[in-house]
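Numbering (this note's numbering), first residue to last: 244 to 369.
All C-beta atoms, glycine included, are put in the ideal place defined by N, C-alpha and C.
Quick caveat: nothing in here was measured; it's all calculated off a predicted structure.
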Amino acid sequence: MVQHFSKKSVFLIEILYLLVNFHHELFSMIQYMITFSLPDTFPQEFIEQIPEQRFVIDKMLKEGKLFSYTLTLDRSRLWCIANADSEMEVVSLIHQFPLIDYMNYEIEELMFHNQSAIQVPAFSLN
């Protein structure tokens, strides 16, 4: 007996397949924490490159290359959690940052990185 699927069913199966493969690829990689030291004072060239830095970081977050990007209140240190196959891949990734020439960094492989899921409050009709 030959079973026929609708175009919608085939499309949903393909999407599910892609999501499963993406999940496997994303979570089979190693996580790294990168600690950056920033300069005490920011030169004008540094300040002018901040919008481009934010653009690159946002893109990497959307692509799953970075999980987080955190700056201290005094703007002296940054932390990133990156997803990569090797430390060399992390180095390659962070050297795409427009501000990398102004930063010193240290890379550490993580055993794990726990992060809470975003919770959406329950909707109440009352």
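For Arg-320 and Glu-349, the rounded distance between their alpha carbons:
11 Å
Taking 8 Å as the threshold (C-beta atoms), are Cys-323 and Ser-311 in contact?
yes
With distances taken between CB atoms, is the gap from Asn-357 to Gln-274 smaller than 8 Å?
no
Run through DSSP, which three-state label would Phe-289 get?
helix
Quick one: using the 10 Å Cβ neighbour count with 16 as the cut-off for buried, is Gln-292 buried or exposed?
buried
Give the range of the beta strand (DSSP E) segment to which Ile-337 is assigned.
Unbroken run through Ile-337 is the alpha helix (DSSP H), 330-337; no beta strand (DSSP E).
How big is the Cα-Cα spacing for Leu-342 and Gln-296?
7 Å
Where Ser-311 sits in the DSSP three-state scheme
strand
So, are the CB atoms of Ile-381 and Ile-337 less than 8 Å apart?
No statement about residue 381 is possible, as the shown extent of the chain runs from 244 to 369 and does not include it.
Cross-strand partners of Ile-350 (DSSP beta bridge)
Ile-277
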